[in-house]
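**Student:** So the sequences go chain by chain: A and B. In terms of my numbering, the first sequence has 187 at position 6, counting the first letter as 1, and numbering is strictly consecutive. In terms of my numbering, the second sequence has 146 at position 139, counting the first letter as 1, and numbering is strictly consecutive.
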Amino acid sequence: MIRVNHLVKRYGETRVVDDVGFEVAEGEVFGLLGPNGAGKTTTMEMIEGLRRPDSGEIRLFGVDAVRHPAKVKELIGVQLQSTALFDHLTTEESILLYGSFYQEMRPVEELLAAFNLQEKRKTLVKHLSGGQRQRLAIALAVVHGPRVIFLDEPTTGLDPKARRDLWEIIQRLKEEGKTLFLSTHYMEEAEYLCDRVAIMNAGQVIALDTPTGLIRKLGSDSIVEFAAERNAADAQLRQLEGVKEVKQSEEGVILLLTDDLRGTLSGLISLADQAGLALNGLRTRTATLEDVFLERTGKRLTDA
Amino acid sequence: MKAYWRLTWAQLLLFARNKNTIIWSLILPVFMMLALGTFLGNGGTSQFQLKVAVADQDDTDRSRSVIEKLSATEGLEVKEISRDKGLSQLKKGDADILVVLRQGLGERLAAAGKETDGNGQPFVQLYMDQSNPTVSQVGSTVIQEAVDRLNKEAVAYQPPVETEEINIQTRPLGYIDFLVPGILSLMIMSNNLNGVAATIASWRERGILRRMQGTPLKSSTFIAGQITARVLLNGLQAVAVLLVGYFIFDVHVYGSWLLLLLFILLGTLTFMSIGFIIASLARTPESAAPIAGLVSFPMIFVGGIFFPLRDLPGLLQPLVKAIPIGYLTDALRAVMNEGVALPQLWLPAAVLTAWLIVSFTVAALTFRWDVK
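1) How many whole angstroms separate the CB atoms of residue 449 of chain A and residue 468 of chain A, which I take to be in contact at a CB cut-off of 8 Å?
2) Sorted by chain position, which residues of the same chain lie with C-beta nearer than 6 Å to residue 183 of chain A's C-beta, five sequence neighbours on each side aside?
3) When you check each C-beta in the segment 177 to 205 of chain B against every C-beta of chain A, which residues fall closer than 9 Å?
4) Grab me the residues of residue 220 of chain B's own chain with a C-beta within less than 6 Å of its C-beta, minus the 5 sequence neighbours each way, in chain order.
5) Which chain A residues are close to residue 425 of chain B, counting only those with a beta carbon under 7 Å from its beta carbon?
6) Judging by CA-CA distance, which residue of B:294, B:130, B:36 and B:279 is the nearest neighbour of residue 70 of chain B?
7) For residue 133 of chain A, which residues of its own chain have a beta-carbon under 6 Å away from its beta-carbon, when the five flanking residues on both sides are left out?
8) For residue 382 of chain A, list the residues DSSP reports as bridge partners.
9) Can you give, in chain order, each stretch of the beta strand (DSSP E) that sits fully within the segment 47 to 92 of chain B and has at least 3 residues?
10) What would DSSP say about residue 203 of chain A, mapped onto helix, strand or coil?
11) Report the start-end ranges of each alpha helix (DSSP H) in the segment 255 to 303 of chain B that is 4 residues or longer and not cut off at the edges.
12) Mark residue 326 of chain B as exposed unless 16 or more other C-beta atoms lie within 10 angstroms of its C-beta, in which case mark it buried.
13) Rounded to whole angstroms, what is the Cα-Cα separation between residue 352 of chain A and residue 336 of chain A?
14) Assuming residue 300 of chain B and residue 316 of chain B are in contact, meaning their beta carbons sit under 8 Å apart, how far apart are those beta carbons, in whole angstroms?
15) Grouping DSSP H, G and I as helix and E and B as strand, with all else coil, what is residue 480 of chain A?
16) If you follow the alpha helix (DSSP H) that residue 415 of chain A is in, where does it begin and where does it stop?
17) Closer than 8 Å, Cβ to Cβ, to anything on chain A: give me those residues from the segment 17 to 46 of chain B, in chain order.
18) If you count every other CB in all the chains shown that lies within 10 Å of the CB of residue 265 of chain B, and 16 or more means buried, which is it?
19) Which value, in whole angstroms, describes the spacing of the CA atoms of residue 360 of chain B and residue 262 of chain B?
20) So who's on the other strand from residue 212 of chain A, going by DSSP bridges?
21) Examine chain A for any beta-carbon lying closer than 7 Å to the beta-carbon of residue 223 of chain B, and answer yes or no.
22) Just curious, the alpha helix (DSSP H) that residue 337 of chain B is in, first and last residue?
23) For residue 403 of chain A and residue 273 of chain A, I'd like the C-alpha separation in whole angstroms.
24) Here's the rule: buried if 16 or more other CB atoms are within 10 angstroms of the residue's CB, otherwise exposed. What is residue 53 of chain B?
25) Taking Cβ positions, are residue 36 of chain B and residue 190 of chain B nearer each other than 7 Å?
26) Would you verify that the beta carbon of residue 51 of chain B is, or is not, closer than 7 Å to some beta carbon of chain A?
27) Between which two residues does the alpha helix (DSSP H) containing residue 447 of chain A stretch?
28) DSSP three-state label for residue 238 of chain A, please.
29) Enumerate in chain order the residues of its own chain whose CB-to-CB distance from residue 411 of chain B is below 6 Å, with the five nearest sequence positions on each side excluded.
30) Cβ of residue 370 of chain A within 6 Å of any heavy atom in the ligand GTP?
31) Is residue 220 of chain B close to chain A? Criterion is C-beta to C-beta, closer than 7 Å.
32) Quick check on residue 402 of chain A: does DSSP put it in helix, strand or coil?
33) Just to confirm the assignment, what range does the beta strand (DSSP E) spanning residue 330 of chain A have?
34) Within 10 angstroms of the Cβ of residue 323 of chain A, are there 16 or more other Cβ atoms? Answer buried if so, exposed if not.
35) Spatial neighbours of residue 252 of chain B within its chain, please: CB distance less than 6 Å, with the 5 preceding and 5 following residues excluded, ordered by chain position.
36) For chain A, check one thing: does any of its Cβ atoms lie closer than 7 Å to the Cβ of residue 10 of chain B?
This is how it looks when you write it as structure tokens:
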């Protein structure tokens, strides 16, 4: 359905998107996960026909999107990162306006109901809350019933409640059989929503799999975290039972990636007694995509 | 087509809901007209008022009747004063003309019928500032006419031939008639040039245009919707200004309404195109509005909006002849005040059309949905 090969975009000397390639299947929720500046938006906007790639190939429904961006636009729905709407139009007027750009449009009633905006029908966009505005932005993306929907960081800046609401909407679109292509820098979001995730860093896809597949590739399913003032007994930590890898984040938090949580913990306690380690903020958790990112780049997703 | 109507309608809604549009495009021109029309146009009903100070040194029935006659003359504001005070008022500009009726005037007039020497004596003296041609010409004509009448009455003169004046206008043209087309022209320029530059640049910056680019919408449809909405807005403004002009200041459109609308359309399209160019060339959206202001502000002065172009220094004349605003103002003025038809207006029409073609082409070539 979407096929991208060797995609490159340069701004001056820097390659913002550097040889990116992947395929997205029909009905799939595909996520681009990465920190700000990783090249997610640029990649998406090239597929949407908003930017011309310097080289590489993009095919949507078999159509060459680089050479025929106009053909593609009728088939896709887009929501851009900065939700740019007319402040002085109402919800209904916005839907009618954007609907008029396409050959066919879904009935306004149906869209208002699907995005829970019936009561805001006559409300000016500037009086909508962040969550309502974002729901409207996605309603505008599906106003013509496209098969593929692009959502660029749809939940950035939303409060947890609004984010949950939006996740529900995205899941419903998936159940309707839509193909969803979304970008996010929240690893929980990618984990929760996406069938497959491409992790991007510095313009490149550094890992691509299902969320569980990515975590499984770490070879360890649990993480032990604690704070330490100095690089404490690195070699000894590495030799603890079950430990696959030891990482120290920039704030001085030490992470032990392990596939034997029980063994690692009991070994760690005795080591702490011997070496006089404080083990401040000690906690354990299951591995997440965040750990995958850390393992691949040596940086935390949020720091990067 | 659907998209075109929706875009036009949306833009009209945005105009109606934006306080600035209402203030700048409807209230401001009307206010400007009321203020300038009232102060500079002298209430708008009488276009010329002359302050006449009269020093009556004669103080007879005859001299008093002279003052009465002058007071009854339209356009003269007469007040009695001593000669010295009158002179100092004249120097300060509190009076335009000082008339001194010298002692002996009454006697002389009473004797006129009997004595036959007929030599005129300067019993009436006029003091005025001859550097102001309007005042000195009109003043001396009006006073001389009054004195002439006095002389004729004194000798019981019967004129063999009379002149009959037939007024073909409801009212002579005054400053307000000059001003209203100027304000129309100013509005067309500022709404479109400044309005388009600021709006489009900010839509581009906020990503509204980019969002539209993500749909099958064509840029030509988008621009057509903008043009239609702005032409309608300007038409509405023009009608509002003309109605206020008509009902408050009795300003008429002597020429063809159709021709007037044609020039309004031509001006709107030309200045819109220039606005689009500025919006595209401005490096940041914040700089679009100041650039537009920088372009349009001088045009207010060299556009013949508040005073005639011929009053400008000769140095500026080549500039005036090169830019479109003066032609638009002249054409609107010619149609409204003089009822001039299109064949005599070929020059402004041609210059505006040329500007439109060039600026539209540049606007179309430089138009971008995107910031970069």
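We put the CB at the ideal spot given by N, CA and C, even for glycine.
**Tutor:** According to the structure data:
1) Going by Cβ atoms, the distance from residue 449 of chain A to residue 468 of chain A rounds to 17 Å, so no, they are not a contact pair.
2) These residues qualify, in order along the chain: 205 and 241.
3) Result list empty, no residue passes.
4) Within the same chain, residue 220 of chain B has close Cβ partners 376.
5) Absent from the structure is residue 425 of chain B, since the part of chain B shown begins at 8 and ends at 379.
6) Distances from the CA of residue 70 of chain B to each of B:294, B:130, B:36 and B:279 were compared; the closest alpha carbon is that of B:130.
7) The requested residue 133 of chain A is not part of the displayed model; chain A covers only 182 to 485.
8) Within the DSSP secondary-structure output, residue 382 of chain A pairs in a beta bridge with A:385.
9) Qualifying beta strand (DSSP E) stretches, in chain order: 57 to 63 and 83 to 87.
10) Of the three classes helix, strand and coil, the one that applies to residue 203 of chain A here is strand, per DSSP.
11) Listed in chain order, they are 264 to 288.
12) By the neighbour-count rule (16 or more Cβ atoms within 10 Å), residue 326 of chain B is not buried but exposed.
13) Residue 352 of chain A and residue 336 of chain A: Cα-Cα distance of roughly 14 Å.
14) The distance from the Cβ of residue 300 of chain B to that of residue 316 of chain B is about 22 Å, inconsistent with a contact at the 8 Å cut-off.
15) In the three-state scheme derived from DSSP, where H, G and I count as helix and E and B as strand, residue 480 of chain A is classed as coil.
16) Counted as a single uninterrupted DSSP element, the alpha helix (DSSP H) harbouring residue 415 of chain A occupies residues 415 to 419.
17) Taking 8 Å as the Cβ-Cβ cut-off, the segment 17 to 46 of chain B approaches chain A at 17, 20, 21, 24 and 25, given in chain order.
18) The residue is exposed, with fewer than 16 neighbouring Cβ atoms inside 10 Å.
19) Straight-line measurement puts the Cα of residue 262 of chain B at about 21 Å from the Cα of residue 360 of chain B.
20) Within the DSSP bridge table, the entry for residue 212 of chain A names A:363 and A:378 as partners.
21) Yes, contact with chain A.
22) Under the DSSP assignment, residue 337 of chain B falls in the alpha helix (DSSP H) whose first and last residues are 331 to 340.
23) Their Cα atoms are separated by approximately 49 Å.
24) Its pLDDT being 46, under 50, residue 53 of chain B is placed unreliably in this model, and the coordinates cannot settle the point.
25) Yes; because the gap between Cβ atoms is below 7 Å, this pair is in contact.
26) Confidence at residue 51 of chain B is low in this model, with a pLDDT of 41, below 50, so the placement of that residue is unreliable and no value is reported for it.
27) Element bounds for residue 447 of chain A: 442 to 456.
28) Note: residue 238 of chain A maps to strand in three-state DSSP.
29) Lying before the first or after the last residue shown, residue 411 of chain B is absent from chain B, which here runs from 8 to 379.
30) Among the components of this structure there are no ligands whatsoever, and the ligand GTP is therefore not found.
31) Interface residue, yes.
32) Note: residue 402 of chain A maps to coil in three-state DSSP.
33) From DSSP, the beta strand (DSSP E) with residue 330 of chain A extends over 329 to 333.
34) Counting Cβ neighbours within 10 Å, residue 323 of chain A comes out buried, since at least 16 surround it.
35) Hits under 6 Å: 187 and 258.
36) So yes, residue 10 of chain B belongs to the interface.
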